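Following: one structure in structure tokens, then a few remarks.
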Amino acid sequence: MSGRERASSSAHGIGRREFINGAAGLAAMLAGGGVLSGCSGSGGSGSGDASGSGVAPKVTPGPKTAGVLYPPDYVGPIARDLKPITTEKVKFSIVVPQDLKVGDWSTNAFTKWLEQRTGIHIDFRQVASGDDMMTKVNAMIAAGDIPDAFLAVPWSRSQLYLFGQQGLFPDLSAHIDGYAVNLQQAMKDYPDSRKLMQAPDKKIYSFPSYNDCYHCRAGRGRAYLNTQWVEKVGLATPKTTDEFRELLTAFKKADLGGNGRTIPFAGYKDSPLDTYFMNSFLYNPGEPWLFVKDGKVDVTFNKDEWREGLKFIHGLYADGLINKDAFTADSDQMRKYGTTPGQAIVGGARVYSLGEFLDVASTDPNARYRQYTAVPPLEGPNGVRQATWDYFGALGVGTLVITKKCQRPELLVQWADCQMELQAILRSSFGPQGPNTWQWAKAGDLGLEGKQAIYRQNYDWANTTGQFWDQYGVLYRSRGYRSGERYNSKGNALEKGLLDDTQKYYEPYKQPQEMQFPPVALDQDQAAQEAELSTNLNSEVNLSFAKFVTGRLDPNDDTAWNDYKDRVTKIGLKSYLEVQQAGYEAYHG
Numbered sequence: 399m400s401g402r403e404r405a406s407s408s409a410h411g412i413g414r415r416e417f418i419n420g421a422a423g424l425a426a427m428l429a430g431g432g433v434l435s436g437c438s439g440s441g442g443s444g445s446g447d448a449s450g451s452g453v454a455p456k457v458t459p460g461p462k463t464a465g466v467l468y469p470p471d472y473v474g475p476i477a478r479d480l481k482p483i484t485t486e487k488v489k490f491s492i493v494v495p496q497d498l499k500v501g502d503w504s505t506n507a508f509t510k511w512l513e514q515r516t517g518i519h520i521d522f523r524q525v526a527s528g529d530d531m532m533t534k535v536n537a538m539i540a541a542g543d544i545p546d547a548f549l550a551v552p553w554s555r556s557q558l559y560l561f562g563q564q565g566l567f568p569d570l571s572a573h574i575d576g577y578a579v580n581l582q583q584a585m586k587d588y589p590d591s592r593k594l595m596q597a598p599d600k601k602i603y604s605f606p607s608y609n610d611c612y613h614c615r616a617g618r619g620r621a622y623l624n625t626q627w628v629e630k631v632g633l634a635t636p637k638t639t640d641e642f643r644e645l646l647t648a649f650k651k652a653d654l655g656g657n658g659r660t661i662p663f664a665g666y667k668d669s670p671l672d673t674y675f676m677n678s679f680l681y682n683p684g685e686p687w688l689f690v691k692d693g694k695v696d697v698t699f700n701k702d703e704w705r706e707g708l709k710f711i712h713g714l715y716a717d718g719l720i721n722k723d724a725f726t727a728d729s730d731q732m733r734k735y736g737t738t739p740g741q742a743i744v745g746g747a748r749v750y751s752l753g754e755f756l757d758v759a760s761t762d763p764n765a766r767y768r769q770y771t772a773v774p775p776l777e778g779p780n781g782v783r784q785a786t787w788d789y790f791g792a793l794g795v796g797t798l799v800i801t802k803k804c805q806r807p808e809l810l811v812q813w814a815d816c817q818m819e820l821q822a823i824l825r826s827s828f829g830p831q832g833p834n835t836w837q838w839a840k841a842g843d844l845g846l847e848g849k850q851a852i853y854r855q856n857y858d859w860a861n862t863t864g865q866f867w868d869q870y871g872v873l874y875r876s877r878g879y880r881s882g883e884r885y886n887s888k889g890n891a892l893e894k895g896l897l898d899d900t901q902k903y904y905e906p907y908k909q910p911q912e913m914q915f916p917p918v919a920l921d922q923d924q925a926a927q928e929a930e931l932s933t934n935l936n937s938e939v940n941l942s943f944a945k946f947v948t949g950r951l952d953p954n955d956d957t958a959w960n961d962y963k964d965r966v967t968k969i970g971l972k973s974y975l976e977v978q979q980a981g982y983e984a985y986h987g
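Position one of the sequence shown corresponds to residue 399 (this note's numbering), numbered consecutively onward.
Following this line, the structure appears as structure tokens:
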């Protein structure tokens, strides 16, 4: 693996304005006439009534491809010899995001291979990606300009539910159960899948993707220390908050960066400090700081333990042990700290991975990134020691969303399902098979977890375009698939390091699954209310966190702390929790 991860579409948020505008546009369109029920295109088109003709036969898995090796107890996609889905001339229109690596979707190498394999032609309609992508998609919907499907558009679960209830997105449950053999296997491999895919009405309005990035499950709570510095000051890797403070103080006193440049511990605005440090005081998953206790949804940011965590982090900051611009520095500044010429000036960092502030592409055995190793969660003064763990991140909804305009949804479901076959995943991820992209592993090749490897990859990410879909398509990247990549100490040592660190330092301290607030879908009124309240609450909590840490507010001052709690209450914390509780109960209903 390259360490590159594209967030699943379910991870993307939606603003209140975008949600309301999209809902209003759809309502107006539905009231205006039968736009959705009309047929676009001629005889061979896949567009029209979503009820489907039922002519596609039920499908079974194809035979396994000979010569492909798998590790013992492998769970993941299988290489199979597949025939085209249809011999008819069938085409569909699909909206996709523009992407420099994908290039022209119509001429992309994987696009051509997939069409040859499935017999289905796609007319791609590219929309500029970025923060305003949903605004553009909502404008299309409001204008009645509806494709057969959307691929890799960042729908929220609440949007899928809203548009499903209002008739734009049909329920795919029957088509998935009848035609999606690879997805059915993935759902068996990941037993919570159907629950995560379903809306509150128990219908499925999108075709999902899986990306079981094991190390990503602990990413929010990961931090690193410079082991050479630890040795130089004669101390051990800290296990407690007190030992951590002692170590950083020793870094500063010894000025190991030289000439007063030493940064004992670095952070920046895109990698929050609270998700590491606060877990020494209470379970803290990070923004939006929701957790579940005994079936009740609550937040972390108004608890006494949160205040104790603020006092600790403020103490580090006040003593000059955290960089002064930890809340304003961007990724460029963070990399400047990490890649300063000469000797290292950073003793430790709160980052998701070393690549955020160091050059990890170097094959030099003395490369600076090799000085750093992950540090486990710290035990706080009351014995709390947890690593925030994401139990739900493997499955992302909304990858392929079929609209009511599609006449043959069962064919598009099969088209999506074909992408979950092993060879398709490799081609979608790395391009055509070959010595400079990927090949099947040989007997004796070992994967990232020391078992028989499945494939080798030697891909030049920086200089390749138009060969693959850059993780935008439908994928089944199970943990077994990801760790089935042949280990190459010169090529993917960082990925193996992340995996090993997660197993050793973070998984043993993960919180119980029942404490994590699951990904829920809200109805239209709930979603609009939640969007406004969460925006205001998140802003207040983030701003006050920075003020308490930097000393503009004093966490030791009862008045300052009580005023902060009053502010979050007045914003509407009670209503916010009521909405989330309703979503939680619907999820488990």
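Ideal placement from N, C-alpha and C gives every residue a C-beta, glycine not left out. Keep in mind that this is a model prediction, so the values were computed, not measured.
Reference Thr638, options Trp627, Phe679 and Cys611, closest by Cα: Against the sequence shown, residue 638 aligns to sequence position 240. Nearest option by C-alpha distance: Phe679.
Classification of Thr835 by the beta-carbon crowding that lies within 10 angstroms, buried from 16 upward: For the purposes of this step, residue 835 is taken as the residue at position 437 of the sequence shown. Buried, because 16 or more other Cβ atoms sit within 10 Å of the Cβ of Thr835.
Proximity below 9 angstroms, CB of Gly718 to CB of Pro662: Numbered from its first residue, the sequence shown carries residue 718 at position 320. Numbered from its first residue, the sequence shown carries residue 662 at position 264. The beta carbons of Gly718 and Pro662 sit closer together than 9 angstroms.
Residue from Arg620, Arg659, Leu951 and Asp923 with nearest C-alpha to Tyr559: Here residue 559 refers to the residue found at position 161 when the sequence shown is read from its first residue. In terms of Cα proximity to Tyr559, the closest of Arg620, Arg659, Leu951 and Asp923 is Asp923.
Closest by C-alpha distance to Tyr870, when choosing among Val466, Phe508 and Ser554: The sequence position of residue 870 within the sequence shown is 472, counting from 1. Shortest Cα-Cα distance from Tyr870 to any of Val466, Phe508 and Ser554 involves Phe508.
Identity of the residue in Pro495, Ala929, Tyr857 and Thr673 nearest Gly970 by Cα: Counted from its first residue, the sequence shown places residue 970 at position 572. Nearest in C-alpha terms to Gly970, of all of Pro495, Ala929, Tyr857 and Thr673, is Ala929.
Alpha carbon of Glu847 to alpha carbon of Ala839, nearest angstrom: Counted from its first residue, the sequence shown places residue 847 at position 449. Counted from its first residue, the sequence shown places residue 839 at position 441. Going by the C-alpha atoms only, they are around 15 angstroms apart.
CA-to-CA distance, Phe946 to Ser937, given in whole angstroms: What you label residue 937 is simply residue 539 of the sequence shown in a count that begins at 1. What you label residue 946 is simply residue 548 of the sequence shown in a count that begins at 1. Whole-angstrom Cα-Cα distance: 14 angstroms.
Proximal residues to Asn682 (C-beta, below 7 angstroms), its chain only, five neighbours per side dropped: On the sequence shown, position 284 is the one that residue 682 refers to. Residues Asp672, Thr673, Met676, Thr698 and Thr786 of the same chain have their beta carbon placed closer than 7 angstroms to that of Asn682, with the five preceding and five following residues left out of the count.
Where Leu714 falls, given that 16 or more other Cβ within 10 Å makes a residue buried: Locating residue 714 in the sequence shown gives position 316, counting from the first residue. Flag for Leu714 reads buried.
Assigned exposure category for Ser607 - 16 Cβ within 10 Å defines buried: Residue mapping note: residue 607 aligns to position 209 of the sequence shown, counting from 1. Buried, since its Cβ has 16 or more Cβ neighbours within 10 Å.
Glu819, buried or exposed, once every other Cβ within 10 Å from all chains shown has been counted against 16: Taking the first residue of the sequence shown as position 1, residue 819 is located at position 421. Flag for Glu819 reads buried.
Met427 versus Ala541 - alpha carbon distance: By one-based count along the sequence shown, residue 427 stands at place 29. By one-based count along the sequence shown, residue 541 stands at place 143. With a pLDDT of 46 at Met427, under the threshold of 50, the modelled position of this residue cannot be trusted; read the value that follows with caution. Across the structure, Met427 and Ala541 are spaced so that their CA atoms are roughly 7 angstroms apart.
The segment 725-740 in contact with the segment 979-986 per 3-pair CB rule at 8 angstroms: These segments do not touch.
Status (buried if at least 16 other CB within 10 Å, exposed otherwise) for Arg950: As a first step, residue 950 is located in the sequence shown; it is residue number 552 there, counting from the start. Of the other Cβ atoms in all chains shown, fewer than 16 fall within 10 Å of the Cβ of Arg950; this residue is therefore exposed.
Val579 (DSSP reduced to helix, strand or coil): The count along the sequence shown starts at 1 and reaches residue 579 at position 181. DSSP places Val579 in helix when its eight states are reduced to three.
Burial state of Glu912 (16 or more Cβ within 10 Å): What you label residue 912 is simply residue 514 of the sequence shown in a count that begins at 1. Flag for Glu912 reads exposed.
C-alpha distance - Trp553 paired with Ala742, whole-angstrom precision: Mapped onto the sequence shown, residue 553 falls at position 155. Mapped onto the sequence shown, residue 742 falls at position 344. Distance between the alpha carbons of Trp553 and Ala742: 42 angstroms.
Three-way DSSP call (helix, strand, coil) for Gln979 in this model: Within the sequence shown, numbered from 1, the residue matching residue 979 stands at position 581. Note: Gln979 maps to helix in three-state DSSP.
Sequence-distant residues of the same chain with beta carbon closer than 8 angstroms to Leu897, five excluded per side: Counting from 1 along the sequence shown, the entry for residue 897 is found at position 499. For Leu897, same chain residues with a beta-carbon under 8 angstroms away, outside a window of 5 residues either side, are Tyr612, His613, Leu846, Glu847 and Ser881 in chain order.
Integer Cβ distance of Ile544 from Thr516, believed to fall under 8 angstroms: The residue given as residue 544 occupies position 146 in the sequence shown. The residue given as residue 516 occupies position 118 in the sequence shown. Contact between Ile544 and Thr516 does not hold, since their C-beta atoms are separated by about 23 angstroms, which reaches or exceeds 8 angstroms.
Whole-Å CB distance - Asp546 paired with Lys709, under 8 angstroms assumed: Residue mapping note: residue 546 aligns to position 148 of the sequence shown, counting from 1. Residue mapping note: residue 709 aligns to position 311 of the sequence shown, counting from 1. With 8 angstroms as the limit, Asp546 and Lys709 do not qualify as a contact, their Cβ atoms being about 56 angstroms apart.
Under the three-state DSSP convention, the category Glu486 falls into: As a first step, residue 486 must be located in the sequence shown, where it is residue number 88. In this structure, Glu486 counts as coil in the three-state DSSP scheme.
Minimum length 3: unbroken beta strand (DSSP E) runs contained in the segment 827-909: Listed in chain order, the beta strand (DSSP E) elements of length 3 or more contained wholly in the segment 827-909 are 836-838 and 853-855.
Inter-stretch contact at 8 angstroms, needing at least 3 Cβ pairs: the segment 514-529 / the segment 479-495: Output reads yes: the segment 479-495 touches the segment 514-529.
Three-state secondary structure (DSSP) of Gly746: Locating residue 746 in the sequence shown gives position 348, counting from the first residue. DSSP places Gly746 in the strand class (E or B) of the three-state scheme.
Contacts around Gly432, its chain only, beta-carbon distance under 8 angstroms, and the 5 residues preceding and following it disregarded: To locate residue 432, count along the sequence shown from 1; it is residue 34. With a pLDDT of only 37 at Gly432, under 50, the local geometry of the prediction cannot be trusted, and the value read off the model is given with reservation. When the five nearest sequence neighbours on each side are left out, no beta carbon in the same chain lies closer than 8 angstroms to the beta carbon of Gly432.
Among Pro910, Gly987 and Ser826, nearest to Leu873 - alpha-carbon criterion: By 1-based counting over the sequence shown, the position of residue 873 is 475. Nearest option by C-alpha distance: Ser826.
Assigned secondary structure, Tyr715 (DSSP; H/G/I helix, E/B strand, else coil): Taking the sequence shown and counting its residues from 1, one reaches residue 715 at position 317. In this structure, Tyr715 counts as helix in the three-state DSSP scheme.
Beta-carbon contacts of Gln850 that lie in its chain and below 6 angstroms, excluding the five residues immediately before and after: Along the sequence shown, one-based indexing puts residue 850 at 452. Around Gln850: Leu467 and Pro469.
Beta carbon of Gln626 nearer than 9 angstroms to that of Gln812: Start at 1 with the first residue of the sequence shown, and residue 626 comes out as number 228. Start at 1 with the first residue of the sequence shown, and residue 812 comes out as number 414. Contact annotation: Gln626 and Gln812 have beta-carbon atoms that are not nearer than 9 angstroms.
For Leu633: DSSP bridge partner residues: On the sequence shown, residue 633 is found 235 positions in, with the first residue counted as 1. Leu633 is not bridged to any residue.
Alpha-carbon spacing of Lys694 relative to Val795, whole angstroms: By 1-based counting over the sequence shown, the position of residue 694 is 296. By 1-based counting over the sequence shown, the position of residue 795 is 397. If you take the alpha carbons of Lys694 and Val795, they lie about 25 angstroms apart.
Ala925 and Gln557 closer than 9 angstroms at C-beta: Position 527 of the sequence shown holds residue 925. Position 159 of the sequence shown holds residue 557. In contact: Ala925 and Gln557 (Cβ atoms closer than 9 angstroms).
Unbroken beta strand (DSSP E) run spanning Val947, endpoints: Translated into positions along the sequence shown, residue 947 becomes position 549. Looking at the DSSP string, Val947 is not in any beta strand (DSSP E); the run it does join, the alpha helix (DSSP H), is Gln922 to Thr948.
Gln817 - DSSP class collapsed to helix/strand/coil: For this step, residue 817 is matched to residue 419 along the sequence shown. The answer is coil: DSSP assigns Gln817 none of H, G, I, E or B.
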